[in-house]
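Protein chains in written order, with the numbering used here: chain A, 26 to 166; chain B, 69 to 514.
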């Protein structure tokens with residue numbers, strides 16, 4: 026599958042979080058994929074981007090595509106995920122109560138990415154970083 | 069493809085290709101070709117921003133003339149209350165309604181009456197947590213409805229699945245008139261007095277109705293002229309021609325100013341006006357960034373309908389006058405309806421998206437074209453100056469690849485670069501002396 030776009034993500038830059046997902050969205054709209062499909066990719070990519078901003082120092086989001094599939098890979102240099110199964114649980118969050126009270130860190134990031142993609146793989150190494158690969162199969166018709 | 073009706077059109081004789089419209093069009097629907105503006109039918113949402121800025125007055129909207137009412141035996145008018153804001157003596161609304169009667173209309177109500185009928189239904193709809201596509205966006209502004217259909221098709225479920233105020237008011241007026249007089253549908257001509265071209269389109273080609281509700285539509289600006297002319301000629305001060313207005317403080321402010329917060333304050337409600345503000349919000353909504361909002365009353369024009377393209381008066385002054393009129397209206401009078409409220413508020417059929425056609429039906433081919441577009445786009449100067457007749461460099465790249473009648477040499481920057489290179493080559497080539505030439509006179513390059 027061909028790499029079509031790659032963007033840098035800066036850890037802690039909440040202000041610009043979501044911009045790359047927006048560019049990917051415009052691309053998929055031009056290709057003419059269904060609104061429902063685009064929405065799935067968009068939500069997953071956005072959550073991926075936000076995860077890097079919230080937890081890592083820096084990262085990239087890469088967008089691949091051919092006529093049957095879309096692949097989004099989010100890589101970061103960061104603390105890594107100690108327990109991936111736990112992180113996948115809905116509502117599990119490492120955010121402090123204060124942050125949660127402000128409406129952030131609801132623990133829905135990874136579950137949301139999983140739910141919206143057709144396949145998802147996570148590779149993570151403590152104190153090194155995390156790589157999340159999400160695959161989306163393009164529905165025909 | 070369906071034929072989309074558009075109210076906005078360009079008078080090719082007046083257009084001088086100045087590119088003003090190109091720059092303001094929010095959906096990139098304008099192209100200048102052969103020195104004239106052309107509208108891409110599948111992208112235009114009839115917001116009328118181009119009408120506002122055209123210095124040549126070459127862009128206008130299709131509209132009916134007042135004479136058409138004579139072909140109907142019974143003539144009914146629904147007016148936008150924005151009309152009241154156009155007059156300095158705005159406290160004289162009853163008189164203005166009287167003049168409508170003088171023009172031949174048998175019965176008249178404002179769009180605000182529609183607001184009185186539907187507001188509780190919307191309120192309950194928002195309270196029902198089974199309705200999950202939040203925030204819901206009101207369908208009152210047809211340009212917003214089209215913007216979503218064309219540019220944000222994935223948000224179609226966010227539109228409130230109910231009629232807009234205009235259609236509710238129209239149905240209501242028809243119902244009560246028939247009840248009162250016993251006449252049948254085909255004897256009635258129902259007309260709308262519109263502040264904007266978007267509503268003209270909504271009348272000729274309603275998005276969620278199987279058939280048209282209104283028989284014709286007039287421009288608020290034309291009607292302003294008509295009534296001013298009559299006012300100049302006749303003295304009305306002594307005439308007994310006052311008409312009752314069926315409205316409330318809230319309904320009047322909602323229908324003219326998009327002022328909704330008081331009524332729906334049990335739900336989190338916003339008012340968004342201005343097409344660029346609307347687009348920014350919808351982008352965020354599409355990205356999943358908007359949370360905890362229940363309802364957005366969204367308008368394409370700045371200041372909502374008082375800022376309509378057909379209005380004469382400054383929108384802020386008009387807004388002030390409407391607020392003054394609202395002060396004199398009852399808070400929330402009960403409106404007895406001789407029929408089922410839900411029935412006249414329900415849409416005839418669900419709203420459908422109308423996304424701009426993809427680059428190619430075949431995904432592989434679309435990807436190939438996309439790549440080519442980006443290749444061409446990288447050559448372009450990214451000045452987005454509009455001199456090639458496209459709104460942005462990217463649009464030019466796209467038009468080239470999808471086979472429109474344009475090339476990279478339509479870009480003046482590229483063309484000039486190419487000419488400069490060419491002239492250098494020519495000088496160089498001319499300076500080269502062939503062995504058979506006598507070069508004793510020499511050659512000095514320019």
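We put the beta carbon where it would ideally sit given N, CA and C, even for glycine.
Asked: Can you tell me where the beta strand (DSSP E) holding residue 161(A) begins and where it ends?; Found: 154-162
Asked: For residue 109(B), is the beta carbon positioned less than 7 angstroms from some heavy atom of the ligand FMN?; Found: Judged by which ligands are present, the structure shown has none, so any question about the ligand FMN falls away.
Asked: Is the CB-CB distance between residue 311(B) and residue 166(B) below 8 angstroms?; Found: yes
Asked: In the DSSP assignment, what residue or residues form a beta bridge with residue 35(A)?; Found: 83(A)
Asked: Under three-state DSSP, which class holds residue 417(B)?; Found: coil
Asked: What distance in whole Å lies between the Cβ atoms of residue 183(B) and residue 335(B), which are believed to be in contact at a cut-off of 8 angstroms?; Found: Their Cβ separation, rounded to whole angstroms, is 16 angstroms, which puts residue 335(B) and residue 183(B) out of contact at 8 angstroms.
Asked: Can you tell which of 143(A), 101(A), 88(A), 112(A) has its C-alpha closest to the C-alpha of residue 152(A)?; Found: 101(A)
Asked: Taking the CB atoms as reference points, tell me whether residue 528(B) and residue 150(B) lie closer together than 8 angstroms.; Found: Limits of chain B in this structure are 69 at one end and 514 at the other, which puts residue 528(B) out of reach.
Asked: Using a Cβ cut-off of 8 angstroms (strictly closer), state whether residue 140(A) contacts chain B.; Found: no
Asked: Can you list, in chain order, the residues of its chain whose CB lies under 6 angstroms from that of residue 469(B), leaving out five sequence neighbours each side?; Found: 437, 440, 441
Asked: I believe residue 285(B) touches residue 119(B) by the beta-carbon criterion, under 8 angstroms. Please report the beta-carbon distance rounded to the nearest angstrom.; Found: Wrong, their Cβ atoms sit about 16 angstroms apart, outside the cutoff.
Asked: Could you give the residue range of the alpha helix (DSSP H) that holds residue 324(B)?; Found: 317-325
Asked: Judging by CA-CA distance, which residue of 105(B), 143(B), 464(B), 148(B) is the nearest neighbour of residue 127(B)?; Found: 105(B)
Asked: What are the start and end residues of the beta strand (DSSP E) that includes residue 202(B)?; Found: Here residue 202(B) belongs to no beta strand (DSSP E), and DSSP marks it neither H nor E.
Asked: Using a Cβ-Cβ cut-off of less than 7 angstroms, list which residues of the stretch 62-73 of chain A approach chain B; keep chain order.; Found: 63, 64, 67, 68, 71
Asked: For the stretch 26-36 of chain A and the stretch 75-82 of chain A, state whether three or more C-beta atom pairs, one from each stretch, are separated by less than 8 angstroms.; Found: yes
Asked: Using the beta-carbon of each residue, which ones in chain A are nearer than 7 angstroms to residue 432(B)?; Found: 92
Asked: Excluding the 5 residues preceding and the 5 following residue 228(B) in the sequence, name in chain order all residues of the same chain whose CB lies nearer than 6 angstroms to its CB.; Found: 204, 206, 207
Asked: Run through DSSP, which three-state label would residue 146(B) get?; Found: strand
Asked: Of all the options 149(A), 106(A), 88(A), 55(A), which has the alpha carbon lying nearest to the alpha carbon of residue 66(A)?; Found: 88(A)
Asked: Applying the criterion that 16 or more other CB atoms from any shown protein chain within 10 Å of the CB defines a buried residue, is residue 114(B) buried or exposed?; Found: buried
Asked: Determine whether the Cβ of residue 421(B) lies closer than 8 angstroms to any Cβ atom of chain A.; Found: yes
Asked: Only counting the same chain, and skipping five residues up and downstream in sequence, which positions put a Cβ closer than 6 angstroms to that of residue 156(A)?; Found: 100, 148
Asked: So, for residue 240(B): in the same chain, excluding its five sequence neighbours on each side, which residues have a beta-carbon less than 8 angstroms away from its beta-carbon?; Found: 177, 181, 182, 185, 405, 412
Asked: Using only alpha-carbon positions, find the residue among 467(B), 112(B), 161(B), 173(B) that is nearest to residue 138(B).; Found: 173(B)
Asked: Between 425(B), 74(B), 144(B), 92(B), which has its C-alpha nearest residue 261(B)'s C-alpha?; Found: 144(B)
Asked: For the stretch 383-402 of chain B against the stretch 44-57 of chain A, do three or more pairs of beta-carbon atoms, one drawn from each stretch, fall closer than 8 angstroms, so that the two count as touching?; Found: no
Asked: Answer yes or no: do residue 245(B) and residue 142(B) have a C-beta to C-beta separation smaller than 8 angstroms?; Found: yes
Asked: Under 9 angstroms Cβ-Cβ, which residues of chain B neighbour residue 45(A)?; Found: Within chain B, no residue comes near residue 45(A); the closest Cβ sits about 11 angstroms away, beyond 9 angstroms.
Asked: Along chain B, in chain order, which residues have C-beta atoms closer than 7 angstroms to that of residue 136(A)?; Found: Here the premise fails: no neighbours, minimum Cβ distance about 14 angstroms.
Asked: What is the rounded straight-line gap between the Cα of residue 54(B) and the Cα of residue 455(B)?; Found: Chain B is shown from 69 up to 514; residue 54(B) falls before or after that span and cannot be answered.
Asked: Would you mind sorting residue 344(B) into buried or exposed? The rule is 16 or more other CB atoms within 10 Å of its CB.; Found: exposed
Asked: Taking a contact to mean a Cβ-Cβ separation below 8 angstroms, would you say residue 111(B) touches residue 218(B) in this structure?; Found: yes
Asked: If we define contact as Cβ-Cβ less than 8 angstroms, is residue 105(A) a contact residue for chain B?; Found: no
Asked: Within the same chain, show all residues whose beta-carbon is closer than 8 angstroms to that of residue 313(B), passing over the 5 residues directly before and after it, in chain order.; Found: 161, 162, 165, 178, 397
Asked: Any contact between the stretch 413-429 of chain B and the stretch 264-283 of chain B? By contact I mean 3 or more CB pairs, one from each, below 8 angstroms.; Found: yes
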